[in-house]
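Trainee: In the numbering used here, the protein residues as written are 1 to 184. Every residue, glycine too, gets a C-beta built ideally from N, C-alpha and C. Here's a structure for you.
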């Protein structure tokens, strides 16, 4: 892992996220254009990215059912991850990782690992014991999650469309348990 001492992590409030909305949208735009499978396909323009943040991320952030961390190198936003804690009443022990993103120019420096460690600290602080996520099968994030202790639940064939070539991609569903109650 590369030296990450110059990386600053921050948990964003709704006001701070609103103030950084264009930076967050630019990060997602860059990631999708580089082939990240995070719900969008090319062509993907900045207005679509801004609209996603306004309509899909800001409302749960305001209500407190979503948390967002950012990673910065100096003043530059280079990474982000979201935690969905808006679970149903029968799942108060669960949280879901969404939209782990690292700018293409800042990858392979340990930023994703730092963001995930911060997210997991928050999950533990919230008293949640199960973290779930999905990722494109074979993507570079899959071995990262495995190295962080996530276990594969299964693979769903043809789950999503590749953002660049529009082929059908499989998705790997993963989980990690925290605390004493760890299922086999």
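What residue does the alpha helix (DSSP H) around residue 111 start on, and which one ends it?
Mentor: Where residue 111 is concerned, the enclosing alpha helix (DSSP H) stretches over 111 to 125.
Trainee: Quick one: Cα of residue 36 to Cα of residue 163, how far?
Mentor: The alpha-carbon atoms of residue 36 and residue 163 are separated by roughly 7 Å.
Trainee: Residue 134: which of 43, 68, 105 and 156 sits nearest, CA to CA?
Mentor: Nearest option by C-alpha distance: 156.
Trainee: Where residue 18 and residue 58 are concerned, what is the direct C-alpha to C-alpha distance, given to the nearest angstrom?
Mentor: Those two C-alpha atoms are separated by around 8 Å.
Trainee: What residues in its chain sit with their C-beta under 8 Å from that of residue 128, if we drop five residues either side in the sequence?
Mentor: Closer than 8 Å at the Cβ level, and outside the excluded window around residue 128, lie 85, 92, 93, 94, 95 and 178.
Trainee: Assign residue 99 to buried or exposed, taking buried as 16 or more other Cβ atoms, counted over all protein chains shown, within 10 Å of its Cβ.
Mentor: With 16 or more other Cβ atoms within 10 Å, it is buried.
Trainee: Measuring alpha carbon to alpha carbon, tell me which residue in 25, 151, 44 and 69 is nearest residue 33.
Mentor: Out of 25, 151, 44 and 69, 44 has the C-alpha closest to the C-alpha of residue 33.
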